């Protein structure tokens, strides 16, 4: 295996056409003029027998994590959101890192960032409420330019996405002429627009090898790049970005957990440092982590990722005991039921992506989607 190299160390390299082995081009779709919506009156948020009955199924899924006294305050918000979203013809997308009240109470579609965007493009609903961070809402808008995309908190950012800009990518390309640039989907539309193709944590190795070159740039997550580099003979150049949640986990921490409980299965996200991934029994995207638990039904499992995910998966995996090392994402936690209701009532927090940027970013995403197996 080749050692991971930073972009500054990369030699200039003439490479084959980066589109070899991939299909798809940008769908030219201009964004329509913003639709006009009338604000709706704020509903009564009393905890009534009607509210209790309507939210009983959701509470069954979260009762181990949310006490009854707290549910009495959350249930009226859930009831109101589920009513208002029908009036707005809206679909609510919730990332796997959302809190259980959102994930099980109001979400129509759950999953990782790309799953959500792809499913949103299939829905007939004209309004998308993105319960996640800003780059996810941008990706939904890129793939559904004709729809209204809302985010309940415009300040829900991402340390990884904010580590790099489109201007940074242009500098990388200038410093490394001919080297294909692959961006993780956890980036802004501006960054996607400057790259050749996108990847996810689950298909990064496939995308890297599909370039047909000796070297690629995989940005911006240095740890994902290092983990991919360990699985391929392609020299994977990287960038100094990272996720503030996953980079906090350490190999020593995992060894300590095993010493305390040798029977626990440890599964990690590839945004963790390579030495952490090396200590895990399995590493994969959030969706693949969920699939692994469902397929293997371990007696005890520890998910080395954002800690709300274990709470969300627990209800669908009875018999599995989750050991929770809790690293919270402060950006994901900016999304709350109150903010979701407010954005639906006022139709606030609309995400707009410049057409020229969206067209080029869409091309990068679609090249990945159309990649031949």
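In my numbering, the protein residues as written are 685 to 1057.
Glycine included, each C-beta is placed from N, C-alpha and C at the ideal position.
Nothing here was measured: the structure is a model prediction, and the numbers come from that model.
- Rounded to the nearest angstrom, the gap between the Cα atoms of residue 960 and residue 825 is 34 Å.
- In this structure, the CA atom of residue 909 is about 6 Å from the CA atom of residue 902.
- Counted as a single uninterrupted DSSP element, the beta strand (DSSP E) harbouring residue 834 occupies residues 832-834.
- Contact holds between the segment 936-951 and the segment 961-977, because three or more Cβ pairs, one in each stretch, are under 8 Å apart.
- Taking residue 991 as reference, the option from 1039, 1022, 1023 and 930 with the minimal CA-CA separation is 930.
- Counting the other Cβ atoms within 10 Å of the Cβ of residue 765 gives 16 or more, which makes it buried.
- In the structure shown, residue 763 adopts helical secondary structure according to DSSP, grouped into three states.
- Secondary structure of residue 964 (DSSP, three-state): coil.
- Annotated as distal: residue 848 and residue 866, with beta-carbon spacing of 7 Å or more.
- Partner residues in the beta bridge of residue 1034, as assigned by DSSP, are 834.
- Taking the Cα positions, residue 846 is about 43 Å away from residue 732.
- Its chain contains 869 and 884 as the residues whose beta carbon lies nearer than 6 Å to that of residue 798, once the 5 sequence neighbours on both sides are disregarded; these appear in chain order.
- Runs of the alpha helix (DSSP H) lying entirely within the segment 715-788, each at least 4 residues long, are 733-738, 740-746 and 752-771 in chain order.
- Shown here, residue 804 sits in a helix according to DSSP, grouped into three states.
- Nearest neighbour of residue 807 by Cα position, chosen from 1050, 999, 943 and 773, turns out to be 773.
- The continuous stretches of alpha helix (DSSP H) do not include residue 1001, and DSSP gives it neither H nor E.
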